[in-house]
Amino acid sequence: MPHGIVGSHMATDPILCYYLGIGVHCIDRLILRRQHNVGNSVQSSNALERLETTQDIPDIESTPKTKDAPPPDTPYSVLSERQKICLMIFASFAGVISPLSSSIYFPALTSLADAMHVSTTRINLTVTMYLIFQGIAPSFTGAFSDTHGRRPAYLICFVLYLGANIGLALQNNYTALMILRCLQACGSSGTIALGSAVVADVSTRAERGKYIGYASLGVTLGPALGPVIGGLIDHFLGWRWIFWFLVIVSAVFLVLIALAFPETCRAVVGNGSIPAARWNRPLLHILEPTITAPTTATSTPMQPKNKHPLNPFLSARLAADKENALILIYGALLYAGIAAVLTTLSTELTTRYHFNAIQVGLCYLPMGVGSLTSRWTVGLLLDRAFRRAAHRSNLPIIKNQQQDIAAFDIERARLIVTIPLVYAAAVGFVAYGWVLRYRVSLAGPMITLFVGSHLLTGAFTAVNTLMVDVNRRSPATAVAANNLFRCLLGAGATAIAAPLIGRIGIGWTATLMAALWVVASPCIWMVYFWGFKWRRDLLGKEVQQG
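Sequential numbering from 1 applies to the sequence shown in the UniProt record's numbering.
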């Protein structure tokens with residue numbers, strides 16, 4: 001029976017009961033009959049259609065053989081717009097922690113080498129180890145949060161991060177410094193994956209563009225602000241206060257999570273109408289019931305997904321799918337360019353413009369502002385492109401209702417914005433390299449940094465959004481996979497950028513990086529043309545396998 005007929009039948013039963021004066025016994029029989037009809041309608045519906053409903057899809061390993069679809073008017077999230085915005089603001093600032101912890105460390109490398117009585121080369125190894133663990137740890141964090149919830153994952157991350165920073169602030173031993181930096185990376189790196197997962201929990205695809213940009217803000221804003229903060233603290237207070245500053249920041253976040261951050265994971269609370277376990281509720285609301293959606297004849301609370309076993313290697317398995325692999329590889333290449341600029345800008349400005357540490361740190365601000373403004377421009381473009389494509393495909397967009405993309409080419413809807421940004425960012429990257437090469441007025445590098453970071457961050461955000469869209473059964477795991485690829489390629493870019501600039505110059509290095517983006521762009525063109533077909537084929541195989 002079509003969903004519209006089921007909804008109509010359910011809506012008219014109370015009227016029939018009213019006019020016929022049926023007793024309680026008859027009402028029970030009508031309810032049983034209605035449930036039987038709904039079950040038959042679900043079993044007779046198309047198999048692919050059952051995979052995409054307003055209810056979040058379970059993971060492949062736990063897909064139930066039969067599952068009743070939620071009523072058509074069940075909201076995707078019971079949270080209000082204001083509550084969603086508050087969650088996004090928190091996720092955004094929490095996501096700054098990981099890249100901030102990496103870049104705030106750079107201005108103090110010389111001071112640390114002197115304090116630990118080791119060479120700068122050995123201190124640089126702590127940066128390399130941080131990047132390695134920053135790439136690996138989110139695979140465990142993401143898998144844990146997709147199964148047990150975002151809130152406990154956040155709490156574990158910040159407790160570990162807080163302890164590591166206290167140890168770093170008190171440290172005088174190089175070996176202990178190395179170990180604690182690895183623990184610091186494990187605690188901080190999960191926040192970016194968790195932020196994007198929170199976005200997927202509470203926002204539909206039609207509004208995801210404006211939200212996910214804020215949640216992934218830390219990827220670029222943190223590295224831009226870190227050197228400024230680190231340079232100022234190291235210059236006036238000493239390197240230990242860099243870690244005491246991070247202790248204060250992490251303590252504030254830990255208190256906020258414990259007091260007010262609600263559980264959003266759809267495997268735990270569904271659309272927010274299912275109460276979380278008592279231990280998993282904010283302390284300020286521990287004595288209050290979870291907000292529940294109003295239940296009527298046509299609106300019932302959405303049930304949470306079936307939990308599946310913790311699998312920290314699921315993020316690596318995502319790369320086995322060709323669509324995911326192409327998205328991950330190209331997103332990592334874009335981030336490699338960001339990492340190369342961040343790690344070499346300080347040296348280039350010091351060498352060519354003879355700036356001190358504070359002046360160099362301030363020159364990172366245009367890059368941070370460019371990244372920030374892309375959230376408003378690119379986020380709105382992504383949402384507008386989605387609505388336009390949905391209108392052409394006759395896909396209804398209802399506020400707070402998830403869109404069924406089983407028969408919708410979301411790859412084209414997202415990449416129609418991404419592809420022009422990639423080529424424009426390549427031009428901006430080349431311009432940045434050559435204005436530095438010829439030592440033009442400082443305004444030249446600053447303007448190209450702003451424009452280039454605006455375009456590059458926009459493209460990177462769009463790729464991240466698509467990755468979450470096509471893997472919404474486990475969004476934190478999808479972002480963890482993205483984090484793994486970008487950190488590994490970012491570590492490689494930071495390792496070769498300085499030697500390459502020394503050999504061929506900043507101008508040709510920037511040109512080479514931009515050329516790599518252009519040469520590798522067939523990756524996203526293939527997803528643009530064939531990604532939808534690949535995704536439908538994969539869904540069909542999953543149905544056949546039960």
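All C-beta atoms, glycine included, are put in the ideal place defined by N, C-alpha and C.
Tell me which same chain residues have a C-beta within less than 8 Å of the C-beta of Ala520, skipping the five on either side of it?
Same-chain partners within the cutoff: Ile329, Tyr330, Leu333.
What's the gap between the Cα of Ser188 and the Cα of Thr509?
C-alpha separation (whole angstroms): 31 Å.
Three-state secondary structure (DSSP) at Thr264?
Note: Thr264 maps to coil in three-state DSSP.
What residue from Leu237, Ala185, Leu455 has the CA that sits closest to Thr377's CA?
The shortest C-alpha separation from Thr377 is found at Leu455.
Got a sec, what are the start and stop residues for the alpha helix (DSSP H) Gly190 sits in?
174-202 is the span of the alpha helix (DSSP H), which, as asked, contains Gly190.
Could you tell me whether the Cβ atoms of Pro138 and Val468 are closer together than 9 Å?
No, Cβ-Cβ distance for Pro138 and Val468 is not below 9 Å.
So the candidates are Val518, Leu162, Ile166, Val463; which of them puts its Cα closest to the Cα of Leu415?
Of Val518, Leu162, Ile166, Val463, the residue nearest in Cα terms is Val463.
CA-CA distance, Gly490 and Leu131?
Spanning the two alpha carbons is a distance of roughly 8 Å.
Quick check: what's the CA-CA separation for Ala164 versus Ile123?
Their backbone Cα atoms lie some 17 Å apart in a straight line.
Going by CA-CA distance only, name the one from Ile179, Thr191, Leu100, Asp321 that's closest to Val527.
The shortest Cα separation from Val527 among Ile179, Thr191, Leu100, Asp321 belongs to Asp321.
Going by the CB atoms, is the gap between Ala91 and Val199 shorter than 9 Å?
Against a cut-off of 9 Å, the Cβ pair of Ala91 and Val199 comes out as a contact.
Quick one: residues in its chain with C-beta nearer than 7 Å to the C-beta of Gly433, no 5 flanking neighbours on either side, listed in chain order?
Answer for Gly433: Ile506, Gly507, Thr509, Ala510, Thr511, listed in chain order.
Going straight from the alpha carbon of Ala459 to that of Asp383, what length do you get?
Answer to the nearest angstrom: the Cα atoms are 14 Å apart.
Could you pull out every residue in the same chain whose Cβ sits closer than 7 Å to the Cβ of Ile135, ignoring the five residues on either side in sequence?
Note on residue identity: the sequence assigns Gly, not Ile, to residue 135. Counting only Cβ-Cβ distances below 7 Å, and skipping sequence neighbours, we find Asn483, Leu484, Cys487, Leu488.
With 16 other CB atoms within 10 Å as the buried threshold, where does Ala197 fall?
Ala197 is buried by the Cβ-count criterion.
Using 10 angstroms around the beta-carbon of Gly81, count the other beta-carbons present and answer buried if the total reaches 16, otherwise exposed.
Looking at the sequence shown, residue 81 is not Gly but Glu. Under this definition Glu81 is an exposed residue.
How should Asn394 be labelled, buried or exposed, when 16 other C-beta atoms within 10 angstroms of its C-beta is the threshold for buried?
Result: exposed.
Where Leu372 and Val96 are concerned, what is the direct C-alpha to C-alpha distance, given to the nearest angstrom?
So the two alpha carbons sit approximately 12 Å from each other.
From Asn173, Gly492, Ile327, Ile447, pick the residue whose C-alpha is nearest to that of Ile419; which is it?
Per the Cα distances, Ile327.
Express the C-alpha separation of Ala406 and Trp530 in angstroms, rounding to a whole number.
If I take the Cα positions, the gap works out to 14 Å.
Would you identify the three-state DSSP class for Ser521, choosing helix, strand or coil?
In the structure shown, Ser521 sits in coil (DSSP, three-state: anything other than H, G, I, E or B).
With DSSP as the reference, label Ala407 as helix, strand or coil.
Residue state, collapsed to three classes: coil.
Note down, in chain order, each residue of its chain lying with its Cβ closer than 7 Å to the Cβ of Ala277, except the 5 sequence neighbours on either side.
So no residue of the chain qualifies.
What do you get for Pro99, buried or exposed, if any count of 16 or more other CB atoms within 10 angstroms of its CB means buried?
It is buried - the Cβ of Pro99 has at least 16 other Cβ atoms within 10 Å.
Within 10 Å of its beta-carbon, does His148 have 16 or more other beta-carbons around it, so buried, or fewer, so exposed?
The residue in question, His148, is buried, as its Cβ has 16 or more Cβ neighbours within 10 Å.
Per DSSP, what kind of secondary structure is Trp279 in: helix, strand or coil?
Helix, per DSSP.
Go to Ser80, then tell me how far its alpha helix (DSSP H) extends in each direction, as first and last residue.
That residue, Ser80, is in no alpha helix (DSSP H); it is neither H nor E in DSSP.
At which residue ranges does the segment 71-135 contain complete beta strand (DSSP E) runs of 3 or more residues, listed in the order of the chain?
DSSP runs (the beta strand (DSSP E)) wholly in the segment 71-135: none.
Considering only C-alpha positions, which residue in the set Leu342, Leu246, Leu421 is nearest to Ala224?
Nearest option by C-alpha distance: Leu342.
Which residue marks the beginning of the alpha helix (DSSP H) containing Gly452, and which one marks its end?
Unbroken alpha helix (DSSP H) run through Gly452: 443-469.
Taking buried to mean at least 16 other C-beta atoms within 10 Å of its own C-beta, is Gln55 buried or exposed?
Unreliable placement is indicated for Gln55, whose pLDDT of 38 sits below 50; no coordinate value is reported for it.
What does the alpha-carbon distance come out to for the pair Gly337 and Met129?
One C-alpha to the other measures close to 20 Å.
Quick one: Cα of Ile257 to Cα of Glu542, how far?
Their Cα atoms are separated by approximately 37 Å.
Using the Cα positions of Ile410 and Cys265, report the straight-line distance between them to the nearest angstrom.
Cα to Cα, the separation comes out at about 23 Å.
Would you call Gly502 buried or exposed, if buried means 16 or more other Cβ atoms sit within 10 Å of its Cβ?
With fewer than 16 other Cβ atoms within 10 Å, it is exposed.
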